[in-house]
Amino acid sequence: MPATPAPTLESLPGLAVVGGGPAGLMAAETARAAGIEVDLFEGKGSVGRKFLIAGKGGLNLTHGESRPRFDTRYRERAGDVGRWLDGFDGDALRDWARGLGVDTYVGSSGRVFPSDRKAAPLLRGWVRRLREQGVRFHVQHRWTGWDADGALCLSTPSGTRRVGAPATVLALGGASWPELGSDGTWVEPLARHGIDIHALAPANCGFDIDWSPHMARHAGAPLKPVIAHWRDADGTSHALQGECVLTATGIEGSLVYACSAALRDAIARDGEALLALDLAPGRDVGRLAADLTTPRGKRSRVEHLRRHAGLSAAKAALVLEVLGPEGLDDPERVTATIKHLPLRLRAPRPVAEAISSAGGVRLEALDAQLMLRDMPGVFCAGEMLDWEAPTGGYLLQACFASGRLAGQGACDWLARHAPGAMR
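First residue of the sequence shown: 1324, per the numbering used here; consecutive thereafter.
In structure tokens, the structure reads:
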């Protein structure tokens, strides 16, 4: 049988943006505002799907924390991301949202939300404005790499499209929430072109613990409030109060996410990580010891523990898990365990279950405008880059800021190499 002919090469006049999340949309907006022709390609049937899910419980756009402390949330990439924020920080993001008719406020935790806390109105207004400005959207166009001629290969319901463009911004997300489009399949075609990529890993994730069978019935139970204690790679001790949740396999929740990077790295280094919980932050050791010496009478050990230490059923179950039934007869051991309950974390949950992912295109492979050094005219932005941050608005902020920087970089590139891209 004769070979199937390759699809006809389509030449775009300006910028191709691949990925319809916040970073890709911001890159498209930035380029279009500079007069660049923009075509945006999205693998799913609509753009911004993960953005909408992120806003389901209240869209956390950014954080009200001041800089430079804000920058430190990006850990070893604080300097790099800080430079992105120099061009588009939290105040700029709030002003941008206001331009779409969306007012924001700073919550008691410092997190910044739209006044109605919803993601959909902001996204609808943004996409509508981009269409009105002339951005051309192509949904159900899944990028699979480049062909031998350097054209973008896009899988569509009608077959493969080959698209050439003077410049490209890749904003393909990480590897968390693959059903929403961030599945990490871009790693292979970029690696095939020699791009240096740090292996993708879960971030803001839960962890597995070797629970005994009795813990299964407490899956889904909250632990609040508790204080988490852990050590970083330098051995420095950290403590943070918050809430988390027991799961069938271990533990997750906002407090765990806040320290998940250090815990994940410890597991990779040592095979396990130690997380200690103070289950009774409101009671000191002396008070607890006195409370627990009260005669038990006919109450069970666990009921005595719950009543006199003020623990929920889930917290009492954790103490039983660590000490065993006989250990509950020793008030001194029980007191020490309540104030510093050790949990040995065996593995992070899979990256597909994580809130976000770490790893990605190493920033050393990019220039100051986020262009790949070995692929001139190709820019990268968003979560596919090698940085991570805790939840609380820091993730979205860096996605917006990197998208804007990549869009500006593409504009500068096109002005020098393809002046016909301007309209």
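Using N, Cα and C, we set each Cβ at its ideal position, and we do this for glycine too.
As the structure is a prediction and not an experimental result, all values here were calculated from the model.
Going by DSSP, K1638 is part of the alpha helix (DSSP H) stretching over 1636–1650.
A straight line joining the alpha-carbon of K1441 with that of L1408 spans about 24 Å. For D1601, the enclosing beta strand (DSSP E) covers residues 1596–1601. Take A1420, set aside five residues on each side of it, and the residues of its chain with a beta-carbon closer than 8 Å to its own are L1384, D1426, T1427, P1437, L1445, in chain order. The Cβ-Cβ distance between P1336 and E1352 does not fall below 8 Å. A Cβ-Cβ separation of about 7 Å places K1373 in contact with G1496 under the 8 Å criterion. Counting of Cβ neighbours within 10 angstroms places Q1456 among the exposed residues, the total staying below 16.
With a cutoff of 8 Å on beta-carbon distance, A1632 and L1643 are scored as not near each other. A straight line joining the alpha-carbon of V1458 with that of R1452 spans about 9 Å. L1666 and L1600 have their C-alpha atoms roughly 8 Å apart. By the C-beta criterion, the segment 1341–1350 is judged not to be in contact with the segment 1399–1407, since fewer than 3 inter-stretch pairs fall below 8 Å. Judged by beta-carbon spacing, V1341 lies within the 8 Å limit of A1494, meaning their Cβ atoms are closer than that value.
Around the beta carbon of H1537, fewer than 16 other beta carbons lie within 10 angstroms, which makes this residue exposed. In its chain, beyond the 5 residues on either side, A1639 have a beta carbon closer than 6 Å to the beta carbon of R1629. The beta carbons of L1646 and E1595 sit no closer together than 8 Å. By the Cβ test, the segment 1704–1720 is in contact with the segment 1383–1403, since at least three Cβ pairs between them sit closer than 8 Å.
Runs of the beta strand (DSSP E) lying entirely within the segment 1654–1739, each at least 3 residues long, are 1664–1668, 1679–1684, 1701–1703 in chain order. Between L1651 and R1624, the gap from beta carbon to beta carbon is short of 8 Å. Inside the segment 1357–1412, DSSP marks whole beta strand (DSSP E) runs of 3 or more residues at positions 1361–1365, from first to last along the chain. Going by DSSP, S1334 is part of the beta strand (DSSP E) stretching over 1332–1334. Closest in alpha carbon position to R1515, among G1700, D1470, Y1580, is D1470.
Three or more Cβ pairs drawn from the segment 1704–1715 and the segment 1675–1695 lie within less than 8 Å of each other, which places the two stretches in contact. Here T1559 is actually not in contact with V1701; their C-beta atoms are around 39 Å apart, not less than 8 Å. A1704 places its beta carbon less than 8 Å from that of S1725. Straight through space, the alpha carbons of G1576 and N1527 are spaced by roughly 9 Å.
The continuous beta strand (DSSP E) containing Q1564 extends over residues 1560–1569. In the structure shown, the three-state DSSP call for H1461 is strand.
For W1509 and A1733, the gap between their C-alpha atoms comes out near 20 Å.
Burial check for Q1731: the Cβ neighbour count within 10 Å reaches 16 or more, so the residue is buried. Taking P1671 as the centre and dropping the five residues before and after it, the same chain places the C-beta of P1525, C1528, F1530, R1587 closer than 6 Å to its C-beta, in chain order. Excluding sequence positions up to five before and after L1338, its CB lies within less than 6 Å of the CB of A1354, I1359, V1361, A1490, A1733, all in the same chain and listed in chain order. Annotated three-state conformation of L1423 is coil, per DSSP. Of the residues L1523, Q1692, L1602, the one whose Cα lies closest to the Cα of A1677 is L1523. When the beta-carbon positions are compared, H1464 and G1366 come within less than 8 Å of each other. Between the C-alpha atoms of G1482 and H1461 there is a straight-line separation of about 14 Å.
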